[in-house]
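Visitor:
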Amino acid sequence: MLSSHLLHQVQAVCDRVGLFHKGRMVLEGTVAGLAQQVLGGAYRIHLEADGVTQLEEALRQLSGVVEVKRTDATCYNLEAKKDLRAEAARAVVEAGGKLLSLNIEIPSLDEIYTHCFKQEVPHGVTA
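Okay, so the sequence shown: first residue is 1 according to this note's numbering, each after it adds one.
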């Protein structure tokens, strides 16, 4: 068991975490599970593709996609319940496009805590 206010270190060391607020454990689980529960999507996929006109709709149709945002002519941000990089890449290729980049980001424990409790500074974590 590890107790720390340094959430980035907790995330690097622990498989499961419990978040406390005002002396009570209010959330418990894996970081990905907590991200799913608190933020609605545990995975953020950043995709850049060229030569595709209907890609946004194809990405929305992928099972597990929570949200798709097109940030410019070739860039898309997906929020998903699971790692959908392979499915997103396949959607680009099947639509006749060229995949230029594909990255994934898992929300941090700091971000989960801040969103959950609407505070800037974490007050306590036990993992």
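Glycine included, every Cβ here is placed at the ideal spot set by N, Cα and C.
Counting beta carbon pairs with one atom in the segment 43-58 and one in the segment 82-98, are three or more of them shorter than 8 Å?
Guide: yes
Visitor: Could you compute how far the alpha carbon of residue 89 sits from the alpha carbon of residue 29?
Guide: 30 Å
Visitor: Rounded to whole angstroms, what is the Cα-Cα separation between residue 78 and residue 72?
Guide: Going from the Cα of residue 78 to the Cα of residue 72 covers about 13 Å.
Visitor: Would you call the CB atoms of residue 129 and residue 84 closer than 8 Å?
Guide: The question about residue 129 has no answer here: the residues shown for the chain are numbered 1 through 127.
Visitor: For the candidate residues 102, 12, 3 and 87, whose alpha-carbon lies nearest to that of residue 18?
Guide: 3
Visitor: Of the choices 80, 100, 106 and 10, whose alpha-carbon is the least far from that of residue 61?
Guide: 80
Visitor: Specify, as a first and last residue, the run of the alpha helix (DSSP H) that residue 89 falls within.
Guide: 85-94
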